[in-house]
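Let me begin by presenting the structure, written as structure tokens, before commenting on it.
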Amino acid sequence: LKMQADAGADALMLFESWAEGLPEDAFERWVIGPTTKLVKRVRELGVTQPILGFPRGAGGLVVDYAERTGVNAVGLDTAIPLKRIDAALPKGMPVQGNLDPMRLVAGGAGMEARVREIITALKGRPHIFNLGHGVTPEVPIPHVESVLRTIRSMA
């Protein structure tokens, strides 16, 4: 992360792809603890860029993650109930996510409606629109273009 910051990154991102399904005590031990130490060390090294954390599959534990690890923003996967999580997260904390990648594959009116729902649900806080996980290879480019048009139409 320090090298990314030194190379000019505007923001840094921590991915915790194995957070899914961990019970609370294991989440504390294997996700919150190490992330907190990592963020603290990166800050001690003089890194000032925002750090986004993405504990994929954390569910409601993403609130503890947001409050306790020192990250500046959190990524939300597709299983997160946006209205409940929005109310529970620290006020003003930026979020990133959370369109289901399979909706992007499917495209159409359902995808566009979900894009609008996500933006509307998170309108009270800084939001980086993104997928709830990675882009799959079979995504048609016109579907990506449709998502972009929908986002821009709501700006």
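Numbering (our numbering), first residue to last: 39 to 193.
Backbone N, C-alpha and C define an ideal beta-carbon position, used for all residues, glycine too.
Fair warning: this is a prediction, and the values are worked out from it, not measured in the lab.
Excluding the 5 residues flanking it on each side, I89 has same chain C-beta neighbours closer than 8 Å at L39, A49, L50, M51, L52, V77, V80, G108, V109, N110 and A111, in chain order. Spatial neighbours of N168 in its own chain (CB-CB distance under 6 Å, excluding positions within 5 residues in sequence) are listed in chain order as Q134 and G135.
Close CB contacts of E105 within its chain, under the 7 Å cut and outside five residues either way in sequence, are with P128 (chain order).
Between I156 and L120 the beta-carbon gap is near 7 Å, inside 8 Å, which marks them as a contact. If the five residues before and after A57 are omitted, its C-beta is found closer than 6 Å to the C-beta atoms of V69, P93, R94, G95 and A96, all from its own chain and listed in chain order. Judged by DSSP in its simplified three-state form, G98 adopts helix. Within the region 43-116, the alpha helix (DSSP H) runs of at least 4 residues that lie entirely inside it are, in chain order, 62-65, 71-82 and 100-106.
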